[in-house]
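Just so we're aligned, residue 1 is where the sequence shown starts under UniProt numbering, counting upward by one.
Worksheet: one structure, shown below.
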Amino acid sequence: MGLLVKNGTIFPPSTFLPHSNILLPHVIVGDEAFRLSEHIMKPYLKAQMLEDPNKRKFNYRLSKVRRVSENAFGIMCAIFRIFFTPINLKPETVDSVIVVCCCLHNMLRDDYIYRNPSQLVIYQDVEDFC
């Protein structure tokens, strides 16, 4: 996986921001331990941050993004215990497990099943969830 991130083959092609002509790559948010690359966003060093208020603001916002991501993953782990251990499945199957867990989480969060029991449909193919 690390090699796929390093050479950028794991990421989809760059896309335009909504309602804009600005083309941006897909990224992973990391911390100081990551090496900076086109697809890795990491905070500025403390010395750089102290010199430039824009870099300090960037670090603050990046920290908020990481916190939101970590909180979301923590919630997923609390509900679906499968994320506490290595998942011994094919990578394609793991992708499907993650999508299904996200869908189930959203249904539970929104109380969808309770409010719409007659509309509950069980899908065989994960692609139907997207």
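Note that beta-carbon positions come from the ideal geometry of N, C-alpha and C, so glycine has one too.
From a predicted model like this one, the values you see are computed outputs, not experimental measurements.
In or out: residue 42 buried (at least 16 other Cβ within 10 Å) or exposed? What you label residue 42 is simply residue 42 of the sequence shown in a count that begins at 1. Burial call: buried.
Quick check on the DSSP output: what are the complete alpha helix (DSSP H) runs of length 4 or more inside the stretch 40-80, in order along the chain? 46-51 and 53-79
Assign residue 97 to one of three DSSP states: helix, strand, or coil. As a position in the sequence shown, residue 97 is number 97, starting the count at 1. Three-state result, residue 97: helix.
Does the structure place the stretch 8-20 close enough to the stretch 50-59 that three or more beta carbon pairs sit under 8 angstroms? Because the criterion of three Cβ pairs below 8 angstroms is not met, the stretch 50-59 and the stretch 8-20 do not touch.
Short Cβ contact (8 angstroms threshold) for residue 39 with residue 74: Residue 39 sits at position 39 when you count from the first residue of the sequence shown. Residue 74 sits at position 74 when you count from the first residue of the sequence shown. Result no, Cβ atoms of residue 39 and residue 74 do not sit closer than 8 angstroms.
Would a C-beta distance cut-off of 8 angstroms place residue 101 and residue 84 closer than the cut-off? Looking up residue 101 in the sequence shown gives position 101. Looking up residue 84 in the sequence shown gives position 84. Not a contact, by the Cβ cut-off of 8 angstroms.
Which whole-angstrom value describes the C-beta separation of residue 65 and residue 27, a residue pair presumed to lie in contact below a C-beta threshold of 8 angstroms? Locating residue 65 in the sequence shown gives position 65, where the first residue counts as 1. Locating residue 27 in the sequence shown gives position 27, where the first residue counts as 1. At roughly 10 angstroms, the Cβ-Cβ gap does not stay under 8 angstroms, so residue 65 and residue 27 are not in contact.
Per-residue DSSP class, three states only, for residue 89: Taking the sequence shown and counting its residues from 1, one reaches residue 89 at position 89. Residue 89: coil per DSSP, three-state reduction.
Where residue 27 falls: helix, strand or coil (DSSP): Taking the sequence shown and counting its residues from 1, one reaches residue 27 at position 27. Note: residue 27 maps to coil in three-state DSSP.
So, are the CB atoms of residue 97 and residue 89 less than 8 angstroms apart? Position 97 of the sequence shown, counted from the start, is the residue given in the question as residue 97. Position 89 of the sequence shown, counted from the start, is the residue given in the question as residue 89. For residue 97 and residue 89, yes; Cβs fall inside 8 angstroms.
Is the beta carbon of residue 44 sitting closer than 8 angstroms to the one on residue 34? Reading the sequence shown from its first residue, position 44 is the one you call residue 44. Reading the sequence shown from its first residue, position 34 is the one you call residue 34. Not in contact: residue 44 and residue 34 (Cβ atoms no closer than 8 angstroms).
Proximal residues to residue 11 (C-beta, below 6 angstroms), its chain only, five neighbours per side dropped: By one-based count along the sequence shown, residue 11 stands at place 11. Excluding residues within five positions, the ones whose Cβ falls inside 6 angstroms are 26 and 39.
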